[in-house]
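Asks: Residues in the sequence shown are numbered consecutively from 43, following my numbering.
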Amino acid sequence: MADLIMIYHGGAWGCNMSPPEFHRRSSQSGSCWGDCQVCLFSVAPTEFFEAVDRAVGLLEAKVEFESQPGQFADLLRNLRGAYLCEASDSRDLVYALFGFSAHSYGVYPEYGPGITIQGVFRQLACKVISYNRNLDILETAYRTRRPSRRLKRLPVDHELPSWVPDWRNKQGFSILRRFEKQRPSFETKMIFSFQTDATARRHRILQVRGIFHEFLGRETFGRRPQRFISDGLGEIRTMGSAKEGDEVWMLHGADILFIFRRPSGGKYLELVGEVVDLYVKVPPKPRLPTEELDKLVENNDPSVVLVNIC
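(1) Quick one: what's got a C-beta closer than 7 Å to residue 293's C-beta in the same chain, skipping five residues either side?
(2) Which class does residue 261 belong to by DSSP, given the choice of helix, strand or coil?
(3) Span of the alpha helix (DSSP H) holding residue 182?
(4) Starting from the C-beta of residue 213, find all residues in its chain whose C-beta is less than 8 Å away, skip the five residues before and the five after it, and write them out in chain order.
(5) Can you tell me whether residue 157 is buried or exposed? The criterion is at least 16 other CB atoms within 10 Å of its CB, across all chains shown.
(6) Go to residue 161, then tell me how far its alpha helix (DSSP H) extends in each direction, as first and last residue.
(7) For the beta strand (DSSP E) holding residue 348, just list the boundary residues, first then last.
(8) Could you check how far apart the C-beta atoms of residue 105 and residue 133 are, in whole angstroms? I think they sit under 8 Å.
(9) Between the C-alpha atoms of residue 295 and residue 168, what's the straight-line distance to the nearest angstrom?
(10) Taking the alpha-carbon positions, what's the residue 146 to residue 311 distance?
(11) Quick one: using the 10 Å Cβ neighbour count with 16 as the cut-off for buried, is residue 125 buried or exposed?
(12) From the DSSP output, which residues share a beta bridge with residue 256?
(13) How far does the alpha helix (DSSP H) with residue 279 in it extend, from its first residue to its last?
Structure (structure tokens):
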């Protein structure tokens, strides 16, 4: 595999340079250097950025394999690049990665007529939660579903619950601490189960324990990260697709606050984002350490309730 990138797009030759330099410069719109015709455009087309992603992703994979011979990354780390790939059988977007991943979380290739790519994604999410015994995967789930102005995304697939990542979509921004290790990021005594939904479809509802934190107030700025008025006389900053009236929850098995929406005001919660910063004078409820939340769950504290995530 080559160590330099040459992108050809729509009659315009791109830059010939090493991957890190190309990736850095391609993110700067309106800059021009050398003889690169693509750089003459004030805004590069989406297809061009996708071509860059594919080329850089392949070269980064090559560098990683060569630098650590015999060592394999976690399957979830490898899946972060699945959006760059195509397969004649969409299930191979997952199955094809088993050969160079550390383990498959107990998922094995199945090609029966009733096995869909959505079913593979759901099965993998269930296995990951059962293996890690935490809810790290929820952060990836909402990031593969959030709307994006720059990234080309598939429409929201309603065959996938909101807690299951759609690995066919790019996450949109980096995850700093998730899935960098093969073991869970923290230990917990999480109690969870997978339930049928209202139409008796299996493994559609993730049932966990949690403590309600607060409702999001009105939005104060229409930019990222979104900012909302807090019940605690301050501001909440969020990532995802939150809106006024959404609910903030502390979940047993998660080390961040997640944001949910109640479709039609029902008993199920749909995952839509996370809280990235709290600027409040009087927090409605403190952000409890994992150990304290463990104790509340063990003691059946009345503040801990069942949370059904659809």
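Heads up, the beta-carbon is just placed ideally off N, CA and C, and yes, glycines get one too.
No experiment lies behind these values; they were computed from the predicted model shown.
Replies: A quick look at the data gives this:
(1) The beta carbon of residue 293 lies closer than 7 Å to those of 177, 250, 252, 300, 349 in the same chain, with the five residues before and after it left out.
(2) Strand.
(3) Looking at the DSSP string, the run of the alpha helix (DSSP H) that includes residue 182 is 179 to 185.
(4) If you ignore the 5 residues before and after residue 213, its C-beta comes within less than 8 Å of the C-beta of 122, 182, 185, 186, all in its own chain and listed in chain order.
(5) When all chains shown are included, residue 157 counts as exposed.
(6) Run containing residue 161: 159 to 174, per the alpha helix (DSSP H) assignment.
(7) Taken as a continuous stretch (DSSP letters only), the beta strand (DSSP E) holding residue 348 covers 347 to 351.
(8) About 28 Å separates the beta carbon of residue 105 from that of residue 133, a gap too long to meet the 8 Å contact definition.
(9) Rounded to whole angstroms, the gap between the alpha carbons of residue 295 and residue 168 is 14 Å.
(10) Straight across, the Cα-Cα distance linking residue 146 with residue 311 is about 29 Å.
(11) Sixteen is the threshold: when 16 or more other Cβ atoms of the shown chains lie within 10 Å of the Cβ of residue 125, as they do, the residue is buried.
(12) Per DSSP, the beta bridge partners of residue 256 are 290.
(13) Residue 279 -> not in any alpha helix (DSSP H); beta strand (DSSP E) instead, spanning 276 to 282.
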